[in-house]
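S.K.: Please find one structure pasted underneath; my questions will follow.
In structure tokens, the structure reads:
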């Protein structure tokens with residue numbers, strides 16, 4: 002009788018441990034993404050939980066996605082670069098005119 006009760010307690014503890022491990026793995030990519038200030042952290046968190054639900058098929062992709070940071074290009078940086086290139090072209094055209102050529 003004592004052995005049966007001990008067996009049930011061990012089985013319940015194992016099920017609880019498996020639940021804790023699954024919950025930890027489900028949260029891991031989302032926490033990594035939030036810790037790294039990833040702009041798509043919430044999407045990574047959702048993908049991670051969907052990966053756990055699908056028996057781990059999507060989970061590795063969520064983990065990799067948490068570590069990959071997309072290229073950040075702002076419109077202001079692009080317009081500054083464009084203005085810089087335009088001024089450089091004007092300078093070069095003036096130099097060509099000064100040398101006697103036609104731009």
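Residue numbers (my numbering): 2 to 104. For glycine and all other residues, C-beta sits at the position ideal for the given N, C-alpha and C.
#1: Kindly indicate which three-state DSSP category residue 96 falls into: helix, strand or coil?
#2: Between which residues of its own chain and residue 52 is the CB-CB distance below 6 Å, once the five residues before and five after are set aside?
#3: Which of helix, strand or coil does DSSP assign to residue 28?
#4: So residue 46 packs on residue 31, CB below 8 Å; how close in whole Å?
#5: With DSSP run on the structure shown, which of helix, strand or coil describes residue 59?
#6: What span of residues does the alpha helix (DSSP H) with residue 38 cover, start to end?
#7: Return the first residue and the last residue of the alpha helix (DSSP H) that residue 54 is part of.
#8: Rank 84, 23, 38 and 71 by C-alpha distance to the C-alpha of residue 55 and give the top, closest one.
M.R.: In this structure, then:
#1: Residue state, collapsed to three classes: helix.
#2: Hits under 6 Å: 59, 60 and 63.
#3: In the three-state reduction of the DSSP assignment, residue 28 falls in the helix class, which pools H, G and I.
#4: Beta-carbon to beta-carbon, residue 46 and residue 31 are separated by about 3 Å, close enough to satisfy the 8 Å threshold.
#5: Coil at residue 59, not helix or strand.
#6: For residue 38, there is no enclosing alpha helix (DSSP H), as DSSP marks it with neither H nor E.
#7: For residue 54, the enclosing alpha helix (DSSP H) stretches over residues 42-54.
#8: The candidate whose alpha carbon is nearest that of residue 55 is 23.
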